Amino acid sequence: MPKNKIINNYSSENIEVLDGLEPVRKRPGMYIGGIDVKAMHHLVVEILDNSIDEVINNFATHIQVELLNNDTVQIIDNGRGIPVDPHPKFMNKSALEVILTTLHSGGKFNSDNYQTSGGLHGVGASVVNALSENFVIEVIREKILYRQEYSKGLPRTKLLQVSETTKTNGTKILFSPDKEIFGDNTHFSPKTLFLIIKNKAYLSPGVKIHWKCNEAILNDEKIPNDHIFHYENGIREMLAEKITNIPLLFGTQYYDKVEINHEKFEFTISWFDDDNLNFIESFCNTVPTPYGGSHESCFKSALLKSIRNYAEISGFKKFHEIIFEDIYKNVGIILSIFLKNPQFQGQTKEKLVNDNLNKILENPIKVTIENWFINNKKISSYVIDKVISNLNQRKLKKKELDIRKKTKIKKNKLPGKLADCSSKEFEVNELFIVEGDSAGGSAKQARNRLTQAVLPLRGKILNVASASEEKLNQNQELNNLILALGFTKSKIDINDLRYNKIIIMTDADVDGSHIAALLLTYFYKNFPKLIENGHLYIAKPPLFRISKANETYYAQDEIEKDQIDNKYFNGKGIISRFKGLGEMPPNQLKETTMNPKTRTLIKINLPKKDIYEGDHRKEIDELVMILMGKKPELRYEFIKDNANIINNIDY
Numbered sequence: 002m003p004k005n006k007i008i009n010n011y012s013s014e015n016i017e018v019l020d021g022l023e024p025v026r027k028r029p030g031m032y033i034g035g036i037d038v039k040a041m042h043h044l045v046v047e048i049l050d051n052s053i054d055e056v057i058n059n060f061a062t063h064i065q066v067e068l069l070n071n072d073t074v075q076i077i078d079n080g081r082g083i084p085v086d087p088h089p090k091f092m093n094k095s096a097l098e099v100i101l102t103t104l105h106s107g108g109k110f111n112s113d114n115y116q117t118s119g120g121l122h123g124v125g126a127s128v129v130n131a132l133s134e135n136f137v138i139e140v141i142r143e144k145i146l147y148r149q150e151y152s153k154g155l156p157r158t159k160l161l162q163v164s165e166t167t168k169t170n171g172t173k174i175l176f177s178p179d180k181e182i183f184g185d186n187t188h189f190s191p192k193t194l195f196l197i198i199k200n201k202a203y204l205s206p207g208v209k210i211h212w213k214c215n216e217a218i219l220n221d222e223k224i225p226n227d228h229i230f231h232y233e234n235g236i237r238e239m240l241a242e243k244i245t246n247i248p249l250l251f252g253t254q255y256y257d258k259v260e261i262n263h264e265k266f267e268f269t270i271s272w273f274d275d276d277n278l279n280f281i282e283s284f285c286n287t288v289p290t291p292y293g294g295s296h297e298s299c300f301k302s303a304l305l306k307s308i309r310n311y312a313e314i315s316g317f318k319k320f321h322e323i324i325f326e327d328i329y330k331n332v333g334i335i336l337s338i339f340l341k342n343p344q345f346q347g348q349t350k351e352k353l354v355n356d357n358l359n360k361i362l363e364n365p366i367k368v369t370i371e372n373w374f375i376n377n378k379k380i381s382s383y384v385i386d387k388v389i390s391n392l393n394q395r396k397l398k399k400k401e402l403d404i405r406k407k408t409k410i411k412k413n414k415l416p417g418k419l420a421d422c423s424s425k426e427f428e429v430n431e432l433f434i435v436e437g438d439s440a441g442g443s444a445k446q447a448r449n450r451l452t453q454a455v456l457p458l459r460g461k462i463l464n465v466a467s468a469s470e471e472k473l474n475q476n477q478e479l480n481n482l483i484l485a486l487g488f489t490k491s492k493i494d495i496n497d498l499r500y501n502k503i504i505i506m507t508d509a510d511v512d513g514s515h516i517a518a519l520l521l522t523y524f525y526k527n528f529p530k531l532i533e534n535g536h537l538y539i540a541k542p543p544l545f546r547i548s549k550a551n552e553t554y555y556a557q558d559e560i561e562k563d564q565i566d567n568k569y570f571n572g573k574g575i576i577s578r579f580k581g582l583g584e585m586p587p588n589q590l591k592e593t594t595m596n597p598k599t600r601t602l603i604k605i606n607l608p609k610k611d612i613y614e615g616d617h618r619k620e621i622d623e624l625v626m627i628l629m630g631k632k633p634e635l636r637y638e639f640i641k642d643n644a645n646i647i648n649n650i651d652y
């Protein structure tokens, strides 16, 4: 067999070594997080961060970003300019060419060159070069202008000395993303770039960034084609803009900073009068960190301890019961840190992972906040009162939920096959209904035990569209389902529902679809309120797994399988068909079907209420009886009448 032939002939000849920037072009997702529009805009960030680094290290004062056309960006700074003399290790290449054609090269590994930097991996400019169809760089060093052109990471020209100039130094980079990598839609969004640049300016107080855009490509986007960003007060102005028109608990915005060994941590906070209105945005060396990390954890811990301490001083005896949730319920926070050696998770730098920050910064931040509370007693009393109010509301809500859950459990003995979740929070709890003990066992291993419950059913349930009342009452599987939901046969009260999401999870084949149809019929006939209130869902497990080397993709059907195989593996991927959920390893079931971050759910809806009532309700009932009732001739007629509107049939 071909598969065995590949394994048996596996030798040193099969080991592929990628030179220069080949790894970037082969696996761009490893370096910029994907090949979508977001990743394409990240190319601009990589170059812009280099210019920002020159500014925050006092080597530059001015940056210009210009969108020349849909797919070409030009970035200019008056920084030192990339060195153009021969590199000591590659005497036949300039330092500029080494930086642009070699991964992990650059001047940011040495703190003598940069005190702080947004990019320490030495891959930013070279990655942009590798993924650009056209890349042109001009450098001014000691009043001499140099120029070199590249395409797809390879030099098209030598480094040329163009002319003398009155300017002392600087760098200009122009590039166009490669359509081979990003597809035909390589159009930059002026609005997205405008907002990226605006954020960078906020985080670099005093710097001027000149934005320019070709008017012909602005379309209806309400942004200027020429604008200079300049914010002397940095993140204070950023927060002020974000909280415009939000009712505040008090008018004063709290701003402070801590500096240790030339590393700076600054933060600003506003408290809101409305509840459940909150946000925290963080940055490291002007790089956004949407997934937070060690600087956010450090600040949260310091803020919590300082508020607990001040609450104790204020005479609140249960100060130790305050948690960060009580503070965060109605607050807006912006954090910005500048570090010499930031450690980011991944090249796209979305999370900071410097382990030593807590030890260095937590106590100084805590002391700073405590001093502010002590020196602003009137404002502090507003904050403490709000935090204590949030604490009391949280405890009351928890008590009510505990009573509600205990009452349900006492009232309803749960079925033995149910693997229940441990959370008492209705909003996050989910029930997965699966067919058979094998699928049930796999789902129980794949689930999040805190919020996800699993109920295996034995075989196909009773078809309630045609079953008698006596059969319904005697069916053990349906009785187990009723108990698991939190109901009893004698009392069906929607307020007793134990799970916010009820998810039908069956095999991705004809039998699985039939079981799902039977369950949908059951819920429609017996619990229409669950559907009306948006509690019922169908999971979409994959039918195929397509893989090769370390890359894996999943497909729902034959068409998607072929598209993935051709797109990512040139038709040579290893394809596995899942026989059923019970045959799927728990880690794959979790990744594809159960993890809220990666799964696909279909929400079951009924027509709007005004349509659903009266004659339209009768029409739906009649359709259910045609499709699920005892008379096959009605189904046959329905199929004949409607077959012409079906374009694709899933065999």
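Read in the numbering used here, the sequence shown has 547 at position 546, and its numbers run on one by one without any break. Think of the CB as a built atom: it goes at the ideal place given N, C-alpha and C, for glycine as much as any other residue. In this text the structure is predicted, and so the values were computed from the model without any measurement.
DSSP, reduced to helix, strand and coil, places P248 outside both helices and strands of the structure shown, so it counts as coil. Here P543 carries a coil assignment [DSSP, helix/strand/coil]. In the structure shown, H263 falls within a coil segment according to DSSP collapsed to helix, strand and coil.
For G441, the closest of K591, K341, D37 by C-alpha to C-alpha distance is K591. Counting along the chain, no alpha helix (DSSP H) covers Q557, and no H or E run does either. The stretch 223 to 230 makes contact with the stretch 196 to 215, as at least three CB pairs between them are under 8 Å.
The bridge partners DSSP lists for Y538 are I504, K604. The closest CA to that of L69, considering only V38, S205, D78, A217, is found on A217. Using a C-beta cut-off of 8 Å, the stretch 160 to 177 makes contact with the stretch 128 to 138, since at least three inter-stretch Cβ pairs fall below that distance. Under DSSP, D227 forms a beta bridge with K213. Nearest C-alpha to L219 among L520, D72, G417, L415: D72. In the structure shown, the three-state DSSP call for A454 is strand. Inclusion of E552 and F579 in the CB contact set at 9 Å is not warranted, their separation being larger than that value.
Relative to D50, the option among E242, N200, V99, K144 whose CA is nearest is N200. Taking 9 Å as the cut-off, the beta carbon of E322 is found closer than this to the beta carbon of K396. Contact between the stretch 234 to 251 and the stretch 267 to 284 is present, with at least three C-beta pairs closer than 8 Å. By the CB criterion at 9 Å, L353 and S283 fall inside the cutoff. In the structure shown, I218 falls within a helical segment according to DSSP collapsed to helix, strand and coil. For the pair T290 and E363, the CB atoms are not nearer than the 9 Å cut-off. In the three-state DSSP reduction, T369 falls in the helix class (H, G or I). Per the coordinates, the alpha-carbon of F433 lies some 10 Å from the alpha-carbon of K445. DSSP, read as helix, strand or coil, puts G294 in strand. Boundaries of the beta strand (DSSP E) harbouring V163: 161 to 165, taken from the DSSP string.
Contact between S443 and P587 holds, with the beta-carbon distance rounding to 5 Å and staying under 8 Å. Residue burial annotation: N391 is buried, with at least 16 other C-beta atoms found within 10 angstroms of its C-beta.
Shortest Cα-Cα distance from V25 to any of T102, N93, R81 involves T102. With a cut-off of 8 Å on Cβ pairs, the stretch 44 to 60 is not in contact with the stretch 143 to 155, counting fewer than three such pairs. For I323, there is no enclosing alpha helix (DSSP H), since its DSSP letter is neither H nor E.
Listed as beta-bridge partners of E436 by DSSP are L458. Around K330, the same chain offers D276, N277, N279, N391 as residues with beta carbons nearer than 7 Å, after the five sequence neighbours per side are excluded.
Contact between the stretch 597 to 609 and the stretch 525 to 545 is present: three or more C-beta pairs spanning the two stretches fall below 8 Å. The continuous beta strand (DSSP E) containing K94 extends over residues 91 to 95.
The beta carbon of S423 sits closer than 8 Å to those of R450, L451, all from its chain and outside the five residues before and after it, given in chain order. Per the C-alpha coordinates, the member of L305, N534, R142 positioned closest to I389 is L305. Between the alpha carbons of Y256 and A454 lies a gap of roughly 45 Å.
I36 and F183 do touch by the CB rule: their CB atoms are close to 6 Å apart, below 8 Å.
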